[in-house]
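K.L.:
Residues in the sequence shown are numbered from 3 upward in steps of one, following our numbering.
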Amino acid sequence: MFRRYLRVICLLMLPALSADSYAAETVEVVFAGGKQDISAYHQDRITYLSFSELAEILGGTLDWETVGHQITYTDGANRFDFVLGSPFFKLNDHTYNMTFEARLKDGRLYLPAETFVSFLNGAVPQSLSFDSKLRLLRMDSEYFNVTDLEVSRKANGLLVELMLTGALAYEVYVTEGNWLNISITEGRINQPKLASRKDSRYMYKLTTHQAAGSGQVSMRLKVRTDKLHHKMAYNPPRIQISIADAGFVIDSSAAPIVGPDDKVDVIVIDAGHGGSDYGAIGPGKTREKDVVLNIARELAKLIRKEKLFKVVMTRDGDRTVTLDKRADIANSAGADLFISIHANASVKKRARGWNVFFLAPAKNDSARSVAQFENSFFLKERSALDAHRDEEETESDQYGLDNPILSILNEMIMTEFQAESYDLALMLGREFRNSLNIPSRGVDQAGFFVLNKVFTPSVLIETGFISNKKEEKTLKSKKYHRQVAQAVYKAIKKFKVKYEQKSKDKAG
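What follows is the structure, encoded as structure tokens:
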């Protein structure tokens with residue numbers, strides 16, 4: 003009798019089990035210059051795609067709020083707020099219904115492709131379309147109509163050219179502080195590309211801002227802008243701004259003298275901290291400086307084994323290396339890539355996951371805190387967990403997270419190679435997601451001092467939270483050191499293939 007009842011119960015459960023089951027798969031994202039598979043699964047005729055992975059391709063950032071299960075995505079012009087388990091989300095100031103709920107799986111945010119992509123398409127600069135039968139997401143990056151920036155010195159002054167795909171209405175005006183501003187009606191700016199065009203011979207700072215119906219490019223120039231003329235030029239279409247009689251001497255020392263040439267063959271590996279600078283210290287007394295040196299050595303060994311690259315290490319032992327010395331080593335070696343390896347720490351002991359950062363002003367408090375934490379070691383001659391510090395000092399102060407000077411300095415930092423650094427960070431993020439068994443905190447940007455004086459594409463990797471007991475144990479593991487090194491090396495090789503091919507195409 004019992005067996006018969008059990009059989010009936012099992013039969014009644016089958017529909018529920020079927021409804022909850024899903025088929026794991028991938029969605030192919032196709033964009034100009036390449037394609038990338040992202041995680042997905044199919045359930046009840048709906049494809050749920052990993053928005054965590056798509057966000058890295060799009061270039062925005064995800065912030066997770068543990069309380070309330072809220073996840074926020076920002077891309078500069080827009081803000082999306084999702085709540086796990088709910089089909090409703092906010093886009094800026096309006097609430098929408100995507101019919102099917104936002105889901106969490108394997109530490110990633112999954113959204114229903116069939117219903118959500120249309121909302122996303124109307125918000126982001128790229129043009130997006132999803133084919134459910136082919137499991138294909140097309141991303142038309144040619145949707146950008148403000149594509150590049152060129153600044154050059156002429157005999158009678160300075161020439162600024164903003165490249166477009168077609169004629170657009172625009173306005174040019176100068177504001178206090180010698181800021182030259184170009185506002186383009188219906189302009190859709192390729193922000194990473196333009197950000198990479200900052201030339202410190204001619205400008206102190208370059209910023210872009212994307213709004214719903216316009217875009218703006220602003221440059222704080224080193225020349226006076228009393229006499230300027232502008233016009234729409236054609237073949238190719240561009241906004242030309244001539245600044246006449248720009249009587250200034252070009253600061254040749256500000257221009258990068260080294261950097262990537264046609265070959266990507268010199269890799270500089272920077273093991274963070276060292277010597278008297280312990281970096282962060284975990285609850286089990288594991289020191290960041292030891293962990294990252296082991297990972298750096300493992301990476302160097304891998305690279306040297308195949309002999310495709312020359313490897314230079316900023317330190318190959320337990321010694322103190324100053325910020326300027328790290329930059330000097332990289333620049334003197336003619337580095338084509340600079341990879342700085344670290345371990346994260348937080349006053350929130352449950353914080354977990356890896357991050358990859360490239361150099362740009364931080365867009366969120368999480369990234370800003372990481373940068374302030376790492377930068378604090380260069381401003382204070384003590385460890386983050388120095389045994390002699392005042393017992394009454396707050397945890398926030400211990401990590402240097404509330405220092406207003408750091409906040410100001412971080413926002414002032416910019417890089418010459420932002421687009422390439424961002425691309426390398428994305429490649430690293432993809433390899434880490436495929437290889438590492440700790441949560442992904444994704445690709446982000448912030449102002450790290452150690453990257454600021456290196457004239458080459460550069461990234462900073464946070465390999466995990468040493469302040470978390472579980473991840474501290476992982477960070478001590480030789481197996482994990484190898485996994486991180488292997489993932490980084492795969493990304494380096496992919497970067498080499500992509501950019502050397504670009505050089506060939508340009509030459510041809």
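Note that CB positions come from ideal geometry on N, CA and C, so glycine has one too.
All of these numbers come straight from a predicted model, not from anything done at the bench.
Rank K37, H44, G159 and I494 by C-alpha distance to the C-alpha of E27 and give the top, closest one.
P.N.:
By one-based count along the sequence shown, residue 27 stands at place 25. Among K37, H44, G159 and I494, the Cα nearest to that of E27 belongs to H44.
K.L.:
Among V225, Y112 and L208, which one has its Cα closest to the Cα of V219?
P.N.:
As a first step, residue 219 is located in the sequence shown; it is residue number 217 there, counting from the start. Nearest of V225, Y112 and L208 to V219, Cα basis: L208.
K.L.:
Please indicate yes or no: does the CB of F340 lie closer than 7 Å to some heavy atom of the ligand GTP?
P.N.:
For the structure depicted, the ligand GTP is absent and the ligand set is empty, with no information on it obtainable.
K.L.:
Report the three-state DSSP secondary structure of E58 (helix, strand or coil).
P.N.:
Walking along the sequence shown from the start, residue 58 turns up at place 56. E58: helix per DSSP, three-state reduction.
K.L.:
Can you tell which of M234, Q212 and K200 has the C-alpha that lies nearest to the C-alpha of K224?
P.N.:
Counted from its first residue, the sequence shown places residue 224 at position 222. Measuring from the Cα of K224, the nearest candidate turns out to be K200.
K.L.:
Reducing DSSP to helix, strand and coil, say where S442 ends up.
P.N.:
Residue mapping note: residue 442 aligns to position 440 of the sequence shown, counting from 1. It is a strand residue.
K.L.:
Give a yes or no on contact between the segment 177-187 and the segment 211-218, applying the rule of three or more CB pairs nearer than 8 Å.
P.N.:
With a cut-off of 8 Å, the segment 211-218 and the segment 177-187 count as touching, because enough Cβ pairs lie within range.
K.L.:
How far does the beta strand (DSSP E) with D326 in it reach, from first residue to last?
P.N.:
As a first step, residue 326 must be located in the sequence shown, where it is residue number 324. Run containing D326: none in the beta strand (DSSP E); it sits in the alpha helix (DSSP H), L325 to S334.
K.L.:
What do you reckon, are the CB atoms on H344 and L462 nearer than 8 Å?
P.N.:
Within the sequence shown, the letter at position 342 stands for residue 344. Within the sequence shown, the letter at position 460 stands for residue 462. Closer than 8 Å, so yes.
K.L.:
Tell me which residues share the same chain as S41 and place their Cβ nearer than 7 Å to its Cβ, disregarding the 5 neighbours each side in the sequence.
P.N.:
The residue labelled residue 41 in the question sits at position 39 within the sequence shown. Excluding positions up to five away in sequence, the list reads T28, S52, E55 and R110.
K.L.:
Could you check where the alpha helix (DSSP H) with T227 kicks off and where it finishes?
P.N.:
Mapped onto the sequence shown, residue 227 falls at position 225. Counting along the chain, T227 falls outside any alpha helix (DSSP H), and DSSP gives it neither H nor E.
K.L.:
Between K37, Q488, P285 and D279, which lies nearest to K351 when the distance is taken from Cα to Cα?
P.N.:
For the purposes of this step, residue 351 is identified with residue 349 of the sequence shown, where counting begins at 1. Comparing Cα positions, the closest option is P285.
K.L.:
Taking 6 Å as the limit between beta carbons, can you name the residues of its chain near D326, skipping five residues before and five after?
P.N.:
Counting from 1 along the sequence shown, the entry for residue 326 is found at position 324. Cβ neighbours of D326 beyond the five flanking positions: none.
K.L.:
Which whole-angstrom value describes the C-beta separation of D142 and M165, a residue pair presumed to lie in contact below a C-beta threshold of 8 Å?
P.N.:
For the purposes of this step, residue 142 is taken as residue 140 along the sequence shown, with counting starting at 1. For the purposes of this step, residue 165 is taken as residue 163 along the sequence shown, with counting starting at 1. Between M165 and D142 the Cβ distance is about 18 Å, and since that is not below 8 Å, they are no contact.
K.L.:
So the beta strand (DSSP E) K92 belongs to, where does it begin and stop?
P.N.:
Here the question's residue 92 lines up with position 90 in the sequence shown. Its beta strand (DSSP E) spans residues F90 to L93.
K.L.:
With distance defined between alpha-carbon atoms, name the residue in R317, Q193, K312 and I331 nearest to R266.
P.N.:
Here residue 266 refers to the residue found at position 264 when the sequence shown is read from its first residue. Here the sequence assigns Val to residue 266, which means Arg is not the residue at that position. Out of R317, Q193, K312 and I331, K312 has the C-alpha closest to the C-alpha of V266.
K.L.:
Tell me the rounded alpha-carbon separation between E474 and A332.
P.N.:
For this step, residue 474 is matched to residue 472 along the sequence shown. For this step, residue 332 is matched to residue 330 along the sequence shown. In a straight line, the C-alpha of E474 is about 29 Å away from that of A332.
K.L.:
Determine the extent of the beta strand (DSSP E) in which L122 is found, giving its start and end residues.
P.N.:
The residue given as residue 122 occupies position 120 in the sequence shown. From DSSP, L122 is part of no beta strand (DSSP E) but of the alpha helix (DSSP H) over A115 to N123.
K.L.:
Leaving out five residues before and five after I440 in sequence, what residues of the same chain have Cβ atoms less than 8 Å from its Cβ?
P.N.:
As a first step, residue 440 is located in the sequence shown; it is residue number 438 there, counting from the start. Contacts found: R354, G355, W356, G466, E473 and T476.
K.L.:
Determine which residues share a DSSP beta bridge with N357 and list them.
P.N.:
Reading the sequence shown from its first residue, position 355 is the one you call residue 357. N357 pairs with E464.
K.L.:
I48 bridges to which residues according to DSSP?
P.N.:
Numbered from its first residue, the sequence shown carries residue 48 at position 46. Paired residues: Q45.
K.L.:
A335: which of M429, F360 and V314 sits nearest, CA to CA?
P.N.:
Along the sequence shown, read from residue 1 onward, the residue named residue 335 stands at position 333. Looking at the Cα atoms, V314 is the closest of the given residues.
K.L.:
Specify the secondary structure class of A487 as computed by DSSP and reduced to three states.
P.N.:
Within the sequence shown, numbered from 1, the residue matching residue 487 stands at position 485. Note: A487 maps to helix in three-state DSSP.
K.L.:
Report the option in R484, W66, S154 and D446 whose CA atom is closest to the CA atom of A302.
P.N.:
For this step, residue 302 is matched to residue 300 along the sequence shown. The residue with the shortest Cα to Cα distance from A302 is R484.
K.L.:
Is the Cβ-Cβ distance between R137 and T49 less than 8 Å?
P.N.:
Locating residue 137 in the sequence shown gives position 135, counting from the first residue. Locating residue 49 in the sequence shown gives position 47, counting from the first residue. The answer is yes: Cβ separation under 8 Å.
K.L.:
Considering only residues of the same chain and omitting the five flanking positions on each side of Y491, which have a CB-CB separation below 7 Å?
P.N.:
As a first step, residue 491 must be located in the sequence shown, where it is residue number 489. Taken in chain order, the residues that qualify are L301, L304 and I305.
K.L.:
Is the Cβ of A493 closer than 8 Å to any Cβ of chain E?
P.N.:
The chain labelled as chain E is not found in the depicted structure, where only one protein chain is given.
K.L.:
Report yes if the CB atom of D279 is closer than 8 Å to the CB atom of R328, and no otherwise.
P.N.:
Here the question's residue 279 lines up with position 277 in the sequence shown. Here the question's residue 328 lines up with position 326 in the sequence shown. Not in contact: D279 and R328 (Cβ atoms no closer than 8 Å).
K.L.:
Skipping 5 residues on each side, what residues in its chain have a beta carbon closer than 6 Å to that of K471?
P.N.:
If you number the sequence shown from 1, residue 471 lands on position 469. These residues qualify, in order along the chain: P285.
K.L.:
Determine the contact status of V31 and L113, defining contact as a CB-CB distance below 8 Å.
P.N.:
Walking along the sequence shown from the start, residue 31 turns up at place 29. Walking along the sequence shown from the start, residue 113 turns up at place 111. No. Outside cutoff.
K.L.:
With a CB to CB cut of under 7 Å and the five nearest residues on each side skipped, what residues in its chain are close to N99?
P.N.:
By 1-based counting over the sequence shown, the position of residue 99 is 97. Cβ neighbours of N99 beyond the five flanking positions: P89 and F90.
K.L.:
Counting only runs of 4+ residues fully inside the segment 279-311, write out the alpha helix (DSSP H) ranges in chain order.
P.N.:
DSSP runs (the alpha helix (DSSP H)) wholly in the segment 279-311: 290-308.
K.L.:
Just verifying my parser: in three-state terms, what is the DSSP assignment at L161?
P.N.:
Within the sequence shown, residue 161 is the residue found at index 159, counting from 1. Three-state DSSP puts L161 in a strand.
K.L.:
Going by beta carbon distance, what residues of the same chain come within less than 7 Å of E58, once the five residues before and after it are set aside?
P.N.:
Numbered from 1 along the sequence shown, position 56 holds the residue referred to as residue 58. Closer than 7 Å at the Cβ level, and outside the excluded window around E58, lie L428, G431, G444 and V445.
K.L.:
Can you tell me whether P238 is buried or exposed, with buried defined as 16 or more other CB within 10 angstroms of its CB?
P.N.:
The sequence position of residue 238 within the sequence shown is 236, counting from 1. With fewer than 16 Cβ atoms within 10 Å of its Cβ, P238 is classed as exposed.
K.L.:
Quick check on DSSP: helix, strand or coil for L182?
P.N.:
Along the sequence shown, one-based indexing puts residue 182 at 180. Strand, per DSSP.
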